[in-house]
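Chemist:
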Amino acid sequence: MSSFIAIIFIAVAVLFILGIKLLSSPKTARYGNLVAAAGMLVAFFATIPLMKLQSWNLNCTLMVVGIVTGLIIGAIGAYSVKMTAMPQMVALFNGVGGGAAALVASLEFLRRANSPEGTTTFFTVTMLFATLIGSLSFSGSLVAFSKLQGYLEKPRTFPGQNILNGLVLAVILGLCVYLTGWATTNTTAFIVMFSLALVFGVAMVMPIGGADMPVVISLLNSFTGLAVAADGFTINNISMIVAGTLVGSSGTLLTLLMCKAMNRPVTNVLFGAFGSTTSSSGAGAAHVGGGTVKPIQADEAALLLGNAQQVVIVPGYGMAVAQAQHQVRELADELGKRGVEVRFAIHPVAGRMPGHMNVLLAEANVPYDQLCEMEAINPTMDRVDVCLVIGANDVVNPAAREDKSSPIYGMPIIEADRAKTVIVMKRSMAAGFAGIENNLFYKDNTRMLFGDAKASLQALIAQVKAS
Amino acid sequence: MSTEILVFFIFVLSIFLGFELISRVPSMLHTPLMSGTNAIHGIILLGGMLVLASADSPLTIALGFIAVVFGSANVFGGFMVTDRMLQMFKKKK
Chain H
1 MSSFIAIIFI AVAVLFILGI KLLSSPKTAR YGNLVAAAGM LVAFFATIPL
51 MKLQSWNLNC TLMVVGIVTG LIIGAIGAYS VKMTAMPQMV ALFNGVGGGA
101 AALVASLEFL RRANSPEGTT TFFTVTMLFA TLIGSLSFSG SLVAFSKLQG
151 YLEKPRTFPG QNILNGLVLA VILGLCVYLT GWATTNTTAF IVMFSLALVF
201 GVAMVMPIGG ADMPVVISLL NSFTGLAVAA DGFTINNISM IVAGTLVGSS
251 GTLLTLLMCK AMNRPVTNVL FGAFGSTTSS SGAGAAHVGG GTVKPIQADE
301 AALLLGNAQQ VVIVPGYGMA VAQAQHQVRE LADELGKRGV EVRFAIHPVA
351 GRMPGHMNVL LAEANVPYDQ LCEMEAINPT MDRVDVCLVI GANDVVNPAA
401 REDKSSPIYG MPIIEADRAK TVIVMKRSMA AGFAGIENNL FYKDNTRMLF
451 GDAKASLQAL IAQVKAS
Chain C
468 MSTEILVFFI FVLSIFLGFE LISRVPSMLH TPLMSGTNAI HGIILLGGML
518 VLASADSPLT IALGFIAVVF GSANVFGGFM VTDRMLQMFK KKK
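Next comes the structure, spelled out in structure tokens:
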């Protein structure tokens, strides 16, 4: 590689770094994404002279066809996906990236194994690493995608599963050691390793419940990043190493942040099969903590909201499922016109992915300065007149504060129960994604507004307008 | 110092840089961030192009082609979907 091209690749790495840096503020985020995309474009053109093409051949035609095909698939996916389905889209794009990283590593491995230049230990280790991590990211992401789409939502567990998975992993690692130390050119062993890594990706994600998929996706995202970085070592491309590593470490950090927001160690998410807890749905009769459910009608709720000075809206995934974002915004606007101060309280893991709720509300034109983080809302909760909970459940469950025996004890929550009045909009008394009873519904200051979130909101808007 | 060690040094520095950069991003932007970093690892497309260019048997050409399609879908889809999300984030008028 000439030093001129090498310098261009350093510039590419800088563009990626600046792009991620600009992503840290909603004002500059879009610009940051474009800066990173520009970096990618520069990297693309800088790669063309590296291919050392003497003349146009079949490979070149296939390359153009391949890039255009990927462009079309990517564009269709990116512009047709509903915002509620964003997590599975990210999983899918991540999966194909992992697949590409594994294929690049395998092809490099096979080429060097059969060429006179031979291999080095460093080369073999990085290639095996990229193949292993990339292929399990590929198959794991596909499983995560199907789980989020609802195809395989129930966790699949059986006795001894962790032991079996451990055995598969042991065989994979054994093969890697064998390939590194004794048989650097043994393609059969390599292919077996590749296939087992694919199997392991499926086996690893299968037992994890749908609710934990965002953690899995974030983890696999960081896996793909590391696989790409390892590929960068072999291809000797600085921008690939930097880009892959940045994604690898950022994905790891995001995974840990998410687990912290759910108050569970990452090992529990990956090996605990927590999502398999049977959800105790049904009527409130089974409740043991005392208190009764007090239903409320839309007209009374509208009166409460209209006469309040401060209202906090806590949206959850239920709001997104009901496609009620626009109605929520309309209600907030109507209340705002009447002098009510309306804020939105967003839990870090509300929705199906951290920050998912912000995207859904942004889609409905809620300005982002109205969206408050949990830490900002909680200290002011005592002064809030009405807290309107729409389709959120576990993130407002006071058991996280009060009940030491609860699985979510210690999880940071939005302390909705401290508001003067809480109105919970809910379809039924069914438990949330974590399958835990919610004491909030039985508190003295809580009123339940049953029904489809969208229909209830429309009724509320009409009543507020009429008053 | 060999080149391999220098390159490894860059790798280690990048790990810390990644942590620093991400810890400054507010949770409000975590979904676009995840999708944006997802697009960035699509740089594997370049690797795909390089292996396809040097592929010489039907099998390696086929696998290289798949790698290019995958990498390209990762890059274009990733940046496009991130942009689509971010254009919706607006301040109060």
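If you read the protein sequences in the order shown, they are chains H and C.
For what it's worth, this note's numbering labels the leading residue of the first sequence as 1, then goes sequentially.
For what it's worth, this note's numbering labels the leading residue of the second sequence as 468, then goes sequentially.
Heads up, the beta-carbon is just placed ideally off N, CA and C, and yes, glycines get one too.
Predicted, not measured: the structure shown is a model, and the values here were computed from it.
Is the shortest distance between the beta-carbon of residue 525 of chain C and the beta-carbons of chain H less than 8 Å?
Modeler: Judged by the 8 Å Cβ criterion, residue 525 of chain C is not in contact with chain H.
Chemist: Going by Cα to Cα distance, which pick from C:517, C:489, C:551 is closest to residue 251 of chain H?
Modeler: Cα-wise, what sits closest to residue 251 of chain H is C:489.
Chemist: Report the rounded CA-to-CA distance for residue 542 of chain C versus residue 558 of chain C, giving the unit in angstroms.
Modeler: Going by the C-alpha atoms only, they are around 28 Å apart.
Chemist: Using the three-state DSSP reduction, which class does residue 338 of chain H fall into: helix, strand or coil?
Modeler: Residue 338 of chain H falls in the coil class under three-state DSSP.
Chemist: Compare the C-beta of residue 473 of chain C with all C-beta atoms of chain H and state if any pair is closer than 8 Å.
Modeler: No - not a single Cβ of chain H is within 8 Å of the one on residue 473 of chain C.
Chemist: Cβ of residue 442 of chain H less than 8 Å from any chain D Cβ?
Modeler: No chain D is present in this structure, whose protein chains are H and C.
Chemist: Alpha carbons only, please: which of C:550, C:516, C:530 is nearest the one belonging to residue 67 of chain H?
Modeler: Comparing Cα positions, the closest option is C:516.
Chemist: Would residue 508 of chain C pass as a contact of residue 354 of chain H if the rule is Cβ separation under 8 Å?
Modeler: No; because the gap between Cβ atoms is not below 8 Å, this pair is not in contact.
Chemist: If I measure Cβ to Cβ from residue 16 of chain H and keep anything under 6 Å in the same chain, skipping five residues before and after, which residues do I get?
Modeler: Contacts found: 36, 39, 243.
Chemist: If we cut at 8 Å on Cβ distances, does residue 224 of chain H have a partner in chain C?
Modeler: Closer than 8 Å to some Cβ of chain C, the Cβ of residue 224 of chain H qualifies, so yes.
Chemist: If you check the beta carbons only, do residue 359 of chain H and residue 552 of chain C fall under 8 Å apart?
Modeler: Contact flag set, yes.
Chemist: What would DSSP say about residue 403 of chain H, mapped onto helix, strand or coil?
Modeler: Residue 403 of chain H: coil per DSSP, three-state reduction.
Chemist: Please identify the residue among H:100, H:319, H:187, H:410 whose C-alpha is closest to the C-alpha of residue 136 of chain H.
Modeler: It is H:100.
Chemist: Could you name the residues of the same chain whose beta carbon sits closer than 6 Å to that of residue 378 of chain H, not counting the 5 residues immediately before and after it, in chain order?
Modeler: Excluding sequence neighbours, residue 378 of chain H sits near 415.
Chemist: What in chain H is Cβ-close to residue 486 of chain C, meaning under 9 Å?
Modeler: Correct list: 249, 250, 252, 253.
Chemist: Give me the Cβ distance between residue 41 of chain H and residue 33 of chain H, rounded to the nearest whole Å; I'm assuming they're in contact under 8 Å.
Modeler: 13 Å between Cβ atoms; not a contact.
Chemist: Relative to the C-alpha of residue 556 of chain C, which residue among H:267, H:361, H:8, H:218 is closest?
Modeler: If we check each option's Cα against that of residue 556 of chain C, H:361 comes out closest.
Chemist: CA-CA distance, residue 422 of chain H and residue 246 of chain H?
Modeler: Using only the alpha carbons, I get a separation of about 43 Å.
Chemist: Name the chain C residues that come within less than 8 Å of residue 237 of chain H, Cβ to Cβ?
Modeler: The contacting residues are 513, 514.
Chemist: Report yes if the CB atom of residue 261 of chain H is closer than 8 Å to the CB atom of residue 187 of chain H, and no otherwise.
Modeler: No. Outside cutoff.
Chemist: Quick check on the DSSP output: the alpha helix (DSSP H) that includes residue 215 of chain H runs from which residue to which?
Modeler: Taken as a continuous stretch (DSSP letters only), the alpha helix (DSSP H) holding residue 215 of chain H covers 213–235.
Chemist: Rounded to whole angstroms, what's the CA-CA distance from residue 356 of chain H to residue 178 of chain H? Just pull it up for me.
Modeler: Answer to the nearest angstrom: the Cα atoms are 44 Å apart.
Chemist: Mind checking who residue 371 of chain H pairs with in its DSSP beta bridge?
Modeler: For residue 371 of chain H, which the question treats as bridged, DSSP gives the partners H:344.
Chemist: Only counting runs of 3 or more residues, tell me where the beta strand (DSSP E) segments fall wholly within the segment 6–37 of chain H, in order along the chain.
Modeler: Runs found: none.
Chemist: By a C-beta neighbour count over all protein chains shown, 10 Å radius and 16 as the cutoff for buried, is residue 365 of chain H buried or exposed?
Modeler: That one is exposed.
Chemist: What in chain C is Cβ-close to residue 368 of chain H, meaning under 8 Å?
Modeler: Going along chain C in sequence order, the residues near residue 368 of chain H (Cβ under 8 Å) are 495, 556, 557, 558.
Chemist: For residue 448 of chain H, report the span of its beta strand (DSSP E) as first-last.
Modeler: 446–450 is the extent of the beta strand (DSSP E) around residue 448 of chain H.
Chemist: Residues of the segment 528–542 of chain C with a CB closer than 8 Å to any CB of chain H: list them in chain order, please.
Modeler: From the segment 528–542 of chain C, only 528, 530, 531, 532, 533, 534, 535, 536, 537, 538, 539, 540, 541, 542 have a Cβ closer than 8 Å to chain H.
Chemist: Would you list the residues sitting across from residue 425 of chain H in a DSSP beta bridge?
Modeler: Note: residue 425 of chain H sits in a beta bridge opposite H:390, H:449.
Chemist: By the criterion of Cβ-Cβ separation under 9 Å, what are the contact partners of residue 24 of chain H in chain C?
Modeler: Per Cβ cutoff of 9 Å: 488, 489, 491, 492, 493, 496, 500.
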